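Peer 1: Below is a structure I'd like to ask you about.
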Amino acid sequence: MPTTEGAARVRAAGPAEPAAPRAVNRRTPGRAPVIAVLTQLAIWVPLGLTALQVVGFTIWTTWVSFTPSTLLPESGFVGLRNYVRVMRTPNLQIAYVNLVIFGVGFVLLTSALGLLLAVLLDQRVRGENVLRTIFLYPLAVSFVVTGTVWSWLLNPGIGIQRLVNNFGWTGFRFDWIVQPDRAIYTLIIAGAWQGAGFAMALFLAGLRSVDSDLVKAAQIDGAGPWRMYRRVLLPTIWPIFITVAAILLQFAIKTFDLVRALTEGGPGISTMLPAVVVYDFMFQRSELGRGAAVAVLMLLTLVVVVAPFGIYLRLRARRQARA
Amino acid sequence: MSHVTRRGVVAGSAALLAAPLSGRAFAAAAVTPRLTAISQWSAGSDGAAITALGRVFEQHGGIWQHNPVPGFTTEMMNKLRAEILAGNPPAVSQLKGPEIAAWSKIYPTINISPWVQAAGLEPHVPAELAASCKPGGHWIALPLQVYRINTLFMSVPGMKRAGVTTPPKTWAEFNTVAAKMKAAGMTPLANGGIRWDDGMKFEIALAGISPDAYRRAIMHLDTKALRGPEVLAAFAQLRKFSSWMDPDIAAQSWAVNVPAFMKGDMGMVLMGGWAQGNLLHAGAKPADFISLAAPQDSGPPCFDLNADCFIFWQQKAADLKAGQTLFAQIMMQPATQEMYSKITGSIPARTDVDLNQPGFLDGQRDSAQNLRAAIAGKRVLLSLAHNMAQPNGTTAAMIDVLTEFVHNPAIQPPDAQKRLVGAVEGA
Amino acid sequence: MSGAALRAGVPSAGSRIARSRIARSRILIYAALVLLALAFLVPFAVVVLNSLRTNQEIAATSMIGWPRGLAFGNFASAWDGFCMAGHCWGIEPYMLNSLTIVFPATVISTLLGALAGYSIALWRFPGDAWMFGVVTLGIFLPEQMKLIPWVIVLRDLGLFNTLPGLILIHTVQGLSFTTLFCRNYYVSIPPDLLKAARIDGAGFFRIFWRIVLPISPPILVVTVIWQFTGIWNEFLFGVTFTSGAHQPVTAALIALSAAVTTAPQFGVQSAAVLIAALPTLLVYLFGGRYFLRGLTAGAVK
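Protein chains in written order, with my numbering: chain F, 197 to 519; chain U, 13 to 439; chain C, 2 to 302.
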């Protein structure tokens, strides 16, 4: 995420620049209090709105997860009953296994594809604008729409398989979407198609902002193009890998439309993902308490996954600050 | 019964205008009736039908404010939930089965029993359907239309190709026909890949094996019946179905298979009565297929019922109250139900509507006849997959088991039966 | 600063062997790019082809195929012909609904995000580190979880079922992203610049107005594109918090695709999808270059 990496930066910069401005005004004494109040407002209104939503809604959801709520939120306390119940359903167990497969596969495939596109586009190619737009357009269109198209393409009866079969290669099979143990990979394919453009944009942005002196020095050392990427450019932009991974991970965890448009959770319940389970329990089954429990479990998972990462960044920032 | 015969859609609404309605007089005296309504019917023939209903309401001097929420039923319920939370539900909203009872607990509804009595509706509605509309003993919701779920469609070219002359009447005959079709290189079952489609196959199997076991196991969740031999046999039949289905359907609607069915590459469809609409819209002629009740192992065909209803929410504004009165009266009119079913392809919820008139098709007439016979023989069942038999939470948990079973041949019927019992207990 | 291969190639340009090797690698590069571009375009092409086929043709053959004729009528009926919710006016009014939601929500969330990003990046205030954490957490919350809390909030504010209510939702939901984008851009503003401004007596607002905003366009383009497409494509909140004729265009698209009892209207549906995707496609087409520039200018550092 630009964010996490940026966090390291500001922390690194923090002690080095103690002169960062403070929210005090030294101008004409009469207007000072008014401006000070306005300043506080300008700082706190947008942040307050965000915090209210994030913290408030999270606390609310946690509360609901301990209540017997079904159709509507109700008060009452049922302890961990909702958690026990949802953890016993195969839906949640499958969703978690799938989240690992999908999360890893989606992040790896999308960043690999994005990096490939970025490196290719970085070769001063003609028509870069057009090509870039082609790789970015999947981001512009709702997955409710493109997911439907992908569900046609990946469908063996009407999609790519049928097309190839009709061209004469009758033995060709591409029917992962109907196989319970492979269908999750079709989500990765469609997801990578949508997200690769964004990864490409970030990588390309990184490649283009590498210090030209660094490149020149490497050239003088006689580095060839691939060596240049492997030894100089890619190591220099490694923080972008973290940014890309974090953004894609965030997409992976929240994935919902993709499943609904492509597989509806099937075949069977083999392509459930946690966000789908949350929606399913909360709204389709009218089990608000259980849906909230799944949402809380999702957030806890997130903390477990992201916390070590945050700690690492903090340590790195501290080390850099000391250096 | 005879006063509504031989009238088309337009004539039907004209007849409605002519029919004496006390609400109209009431409206003229006090306020202009207004109706706020939520449904999921926005486009296609569903959208056309509800729009036509709105026109009738307007012709009676009412203001029609329909808010369709497109997408799945879930989105419609989200909207309803939001409006109830905000303290402002619509005057009426589309709701069905046990959800009527569940939702009526979270916001006050109105007692419409006097109107139902005045219209003489109750004797003409299947008791099972009426029960779902009056969870607390009095009517709070009204049925609009009914579909038969246990319907078998046979492709005429497919029958020729497989050398089948008569449609199967029992599951044993069905299995023979399907095997013949398979041997002829066809896909015997044209199915869809959405989860309720899998659930529906199971319920049609069980209803055909034993309506009584269905009633006890699915509608009453009787553990003994759920563990009984009929449910096990239904799973075995479902396993057979799964080997005859289109393996390539994924999450597509069954409508994708309509061309293959029309050509005779696929032989049969087990689907609700609306499949007729799919076929006709795709260009099939009535002679291209036959539709009848799905196989029944003993006795006359049962009727596995799916119905759409409107629930009436308590209102404060006088114009909305007047609108509810007027709407209820219009909805209960045989002419309205007739008009509605002609557009959607369903059958009227009122069993006293005569379908021997232009605008109805043989499939609808067969369904209506089947319903009347099933009421007399106490063989009316409520659909599981279409949320008529159980509340949504229980239904979803049960369908999880059914859809997994269909897509995973490694699961054996006895194991699936245990899972189904577990799902019911855990829901 | 781009084009490592080319840059590396320049010193040895004198040698003929090297030149032919470069030519070969150029061909490979273009071949790979064109192949990938074609692969990326497949779903788009399928929609375009279907938008030119009649419903009967698609129903009778397959979802993927070459049009037999050119059924431009699909576009006409998609735009202002097909019936939804009792009105036969196509997706045109729903497009307008979406525009009236997307413009204010995009502008407000971008401006507030710039302000918040500026506060977090350049001003020290109590709890700023915590705030940063909370904002970051915000991008990870699943939307589904927020639906009912939003109903309660809008009800209590008296904004339920109103356009301002929906704009408020999209604004606040977007704030996490816009704040983070802007913050990460602003942290790279040299501290000396701010120090000098402060010595001149400039306060919070003057620094924002005179120094920060003028250098912000690249990052604002990024947030605008992000917000515009996100809000335009949103469905769940759009249908829950609007009614009837006020629904967004995504609702119309779903309505078109969810007619169970009729034959699916694939041709019209595809045409509607193309029309509905036009604004966001245009935003990427014209904004794509600036999008990249904004990211390059610091969003990812």
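Note that CB positions come from ideal geometry on N, CA and C, so glycine has one too.
Since we're looking at a predicted model, the values are computed, not measured.
Is it true that the CB of residue 245 of chain C sits closer than 8 Å to the CB of residue 79 of chain U?
Peer 2: For residue 79 of chain U and residue 245 of chain C, yes; Cβs fall inside 8 Å.
Peer 1: Find the nearest neighbour of residue 47 of chain U within the set U:53, U:61, U:65, U:60, judged by alpha-carbon distance.
Peer 2: With distances taken between Cα atoms, residue 47 of chain U lies closest to U:65.
Peer 1: In the DSSP output, what is residue 88 of chain C paired with across the bridge?
Peer 2: DSSP lists C:85 as partners of residue 88 of chain C.
Peer 1: Would you list, in sequence order, the uninterrupted alpha helix (DSSP H) runs of no fewer than 4 residues that lie entirely inside the stretch 80–134 of chain U?
Peer 2: Runs of the alpha helix (DSSP H) inside the stretch 80–134 of chain U: 85–97, 110–116, 125–131.
Peer 1: Taking DSSP as the reference, what is the three-state secondary structure of residue 75 of chain U?
Peer 2: Three-state result, residue 75 of chain U: strand.
Peer 1: Would you grab the beta carbon distance between residue 107 of chain U and residue 323 of chain U for me? Rounded to a whole angstrom, and I think it's under 8 Å.
Peer 2: Sure, about 5 Å apart at Cβ, within 8 Å.
Peer 1: Taking the beta carbon of residue 200 of chain C as the centre, do at least 16 other beta carbons fall within 10 Å, making it buried, or is it exposed?
Peer 2: Result: exposed.
Peer 1: Answer with buried or exposed for residue 93 of chain U, where buried requires no fewer than 16 other C-beta atoms within 10 angstroms of its C-beta.
Peer 2: Buried.
Peer 1: Is the distance from the Cβ of residue 168 of chain U to the Cβ of residue 300 of chain U below 8 Å?
Peer 2: Their beta carbons are under 8 Å apart, which means residue 168 of chain U touches residue 300 of chain U by this criterion.
Peer 1: With 16 other CB atoms within 10 Å as the buried threshold, where does residue 89 of chain C fall?
Peer 2: It is exposed - the Cβ of residue 89 of chain C has fewer than 16 other Cβ atoms within 10 Å.
Peer 1: For residue 48 of chain C and chain F, any beta-carbon pair shorter than 8 Å?
Peer 2: So, interface residue.
Peer 1: Measure the Cβ-Cβ separation of residue 230 of chain C and residue 179 of chain C and say whether it is below 8 Å.
Peer 2: No, these two residues do not count as a Cβ contact at 8 Å.
Peer 1: Below 8 Å on C-beta distance, what does residue 347 of chain C contact in chain F?
Peer 2: Because chain C spans 2 through 302 in this model, residue 347 of chain C falls outside it and cannot be assessed.
Peer 1: Taking the alpha-carbon positions, what's the residue 470 of chain F to residue 448 of chain F distance?
Peer 2: So the alpha carbons of these two residues sit roughly 10 Å apart.
Peer 1: Which residues in the same chain as residue 465 of chain F place their Cβ atom closer than 8 Å to its Cβ, once the five residues preceding and following it in sequence are excluded?
Peer 2: Counting only Cβ-Cβ distances below 8 Å, and skipping sequence neighbours, we find 286, 287, 290.
Peer 1: Could you tell me whether the Cβ of residue 4 of chain C comes closer than 8 Å to any Cβ of chain F?
Peer 2: Note on residue 4 of chain C: pLDDT 47, under 50, position unreliable in the model; the coordinate value appears next. Chain F, which has a Cβ nearer than 8 Å to the Cβ of residue 4 of chain C, makes this yes.
Peer 1: Which residue or residues does DSSP assign as beta-bridge partners of residue 158 of chain U?
Peer 2: Per DSSP, U:319, U:359.
Peer 1: Scan the stretch 227–274 of chain C and note each continuous alpha helix (DSSP H) run of 4 residues or more that stays entirely inside, going in chain order.
Peer 2: If we require 4 residues or more, the alpha helix (DSSP H) runs fully inside the stretch 227–274 of chain C come out as 237–241, 250–258.
Peer 1: Going by the CB atoms, is the gap between residue 486 of chain F and residue 477 of chain F shorter than 8 Å?
Peer 2: Contact: yes.
Peer 1: At a Cβ cut of 7 Å, what residues of the stretch 78–89 of chain U count as close to chain C, listed as they run along the chain?
Peer 2: Flagged, chain order: 78, 79, 80, 81, 82, 83, 87.
Peer 1: How would you write the range of the alpha helix (DSSP H) that residue 179 of chain F sits in, first residue to last?
Peer 2: A question about residue 179 of chain F goes unanswered here, because the residues of chain F that appear run from 197 up to 519.
Peer 1: Can you tell me the Cβ-Cβ gap for residue 174 of chain U and residue 198 of chain U, rounded? I've got them flagged as a contact below 8 Å.
Peer 2: Contact flag correct, Cβ pair sits at about 6 Å.
Peer 1: Does the pairing of the stretch 377–390 of chain F with the stretch 282–294 of chain U give three or more beta-carbon distances under 8 Å?
Peer 2: With a cut-off of 8 Å, the stretch 282–294 of chain U and the stretch 377–390 of chain F do not count as touching, because too few Cβ pairs lie within range.
Peer 1: Would you kindly work out how many angstroms separate the C-alpha atoms of residue 81 of chain U and residue 512 of chain F, rounded to a whole number?
Peer 2: Each residue's alpha carbon lies about 51 Å from the other.
Peer 1: Would you mind stating whether residue 489 of chain F and residue 292 of chain F have Cβ atoms separated by less than 8 Å?
Peer 2: Cβ atoms of residue 489 of chain F and residue 292 of chain F: not closer than 8 Å.
Peer 1: Contact between the stretch 361–375 of chain U and the stretch 325–342 of chain U: three or more CB pairs below 8 Å?
Peer 2: These segments do not touch.
Peer 1: Where do the N-terminal and C-terminal ends of the beta strand (DSSP E) with residue 301 of chain U fall, by residue?
Peer 2: From DSSP, the beta strand (DSSP E) with residue 301 of chain U extends over 301–305.
Peer 1: Could you check whether residue 168 of chain C and residue 92 of chain C sit closer than 8 Å to each other, using their CB atoms as the reference points?
Peer 2: No. Outside cutoff.
Peer 1: Could you name the residues that DSSP lists as bridge partners for residue 163 of chain U?
Peer 2: According to DSSP, residue 163 of chain U bridges with U:283, U:305.
Peer 1: Take the Cβ of residue 197 of chain F as the centre, count every other Cβ of all protein chains shown within 10 Å, and call the residue buried at 16 or more, exposed below.
Peer 2: Its pLDDT being 35, under 50, residue 197 of chain F is placed unreliably by the model, and nothing is read from it.
Peer 1: Taking 8 Å as the CB-CB limit, is residue 206 of chain U close to chain F?
Peer 2: So yes, residue 206 of chain U belongs to the interface.
Peer 1: At the level of alpha carbons, what is the spacing between residue 517 of chain F and residue 387 of chain F?
Peer 2: Using only the alpha carbons, I get a separation of about 38 Å.
Peer 1: Which chain C residues sit within Cβ distance under 7 Å of residue 335 of chain U?
Peer 2: Going along chain C, no residue has its Cβ under 7 Å from residue 335 of chain U, so there is no contact; the nearest lies around 16 Å.
Peer 1: Grab the span of the beta strand (DSSP E) containing residue 435 of chain F for me, first residue to last.
Peer 2: Residue 435 of chain F -> not in any beta strand (DSSP E); alpha helix (DSSP H) instead, spanning 434–450.
Peer 1: Going along the chain, which residues of its own chain have a beta-carbon closer than 7 Å to the beta-carbon of residue 275 of chain U, five neighbours each way excluded?
Peer 2: Same-chain partners within the cutoff: 169.
Peer 1: Is the stretch 301–321 of chain F in contact with the stretch 432–446 of chain F, if contact means three or more CB pairs nearer than 8 Å?
Peer 2: With a cut-off of 8 Å, the stretch 432–446 of chain F and the stretch 301–321 of chain F count as touching, because enough Cβ pairs lie within range.
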